[in-house]
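Below: the structure, in structure tokens.
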Amino acid sequence: MKHKHIVPREQANRDVDDAVAYYLSEATEAVALGFIGALEQAYTHIARHPATGSTRYAHELNLPDLRVWPLTRYPFFVFYVERTDHIDVWRVLHGQRDIPAWMQEPDGV
């Protein structure tokens, strides 16, 4: 099975940087590293099995190809679209956020 490359958008990278900074300031380095590990696991899964992500927000946001995959042990979700040759990661958001509002930020869509 061919794996697709993960290509995070600039906003997705900022989301990850913000989450790591939060965990470093409010928790421990181990927690921040755990978050990074969970994100890497999610990216690996999405690269291998992109169609397994939920379409939960696709209808609400009128983005039919949008999928979401949760991180293990962390309350974050990876929002992405499968392209022909890669996985386009749009956002990495905390589950308690107003997801539709955050997805519509500049560069979010």
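Each number in our numbering comes from the position in the sequence shown (counting from 1) with 1465 added on. All C-beta atoms in this analysis are idealised placements derived from N, C-alpha and C, irrespective of residue type, glycine included.
I think residue i touches residue j, with their Cβ atoms under 8 Å apart; what is that distance to the nearest whole Å?
i: T1537; j: Q1506; result: 6 Å
i: I1501; j: V1543; result: Incorrect: roughly 13 Å between the Cβ atoms, too far for contact.
i: M1568; j: L1526; result: 6 Å
Look at the Cβ atom of residue i, then the Cβ atom of residue j, and state whether they are nearer than 8 Å.
i: V1533; j: P1473; result: no
i: I1564; j: Y1522; result: yes
i: P1529; j: K1469; result: no
Does the distance between the C-beta of residue i and the nearest non-hydrogen atom of the ligand ADP fall short of 7 Å?
i: V1557; result: The model on display carries no ligand, and the ligand ADP is accordingly not part of it.
What three-state label does DSSP hand residue i in the structure shown?
i: V1574; result: Only weak support exists for where V1574 lies, its pLDDT of 46 falling under 50; the coordinates are left without a value.
i: D1482; result: helix
i: H1551; result: strand
i: L1504; result: helix
i: Q1561; result: coil
i: Y1539; result: coil
i: A1566; result: helix
Spatial neighbours of residue i within its chain, please: CB distance less than 7 Å, with the 5 preceding and 5 following residues excluded, ordered by chain position.
i: D1480; result: R1556, V1557, L1558
i: G1518; result: I1511, R1532, V1533, W1534, Y1545
Let me check one thing: in DSSP terms, what residues is residue i bridge-paired to?
i: H1470; result: H1551
i: R1532; result: Y1545
i: R1556; result: F1544
i: S1519; result: V1533
Among the residues of its own chain, which have a CB less than 8 Å from the CB of residue i, if the five just before and after it don't count?
i: V1546; result: L1528, D1530, L1531, R1532, I1552, D1553, W1555
i: V1485; result: A1497, F1500, I1501
Please go through the same chain and pick out, in chain order, the residues whose beta-carbon is closer than 6 Å to the beta-carbon of residue i, but skip the five residues on each side of it.
i: Y1488; result: V1496, A1497, F1500
i: D1483; result: none
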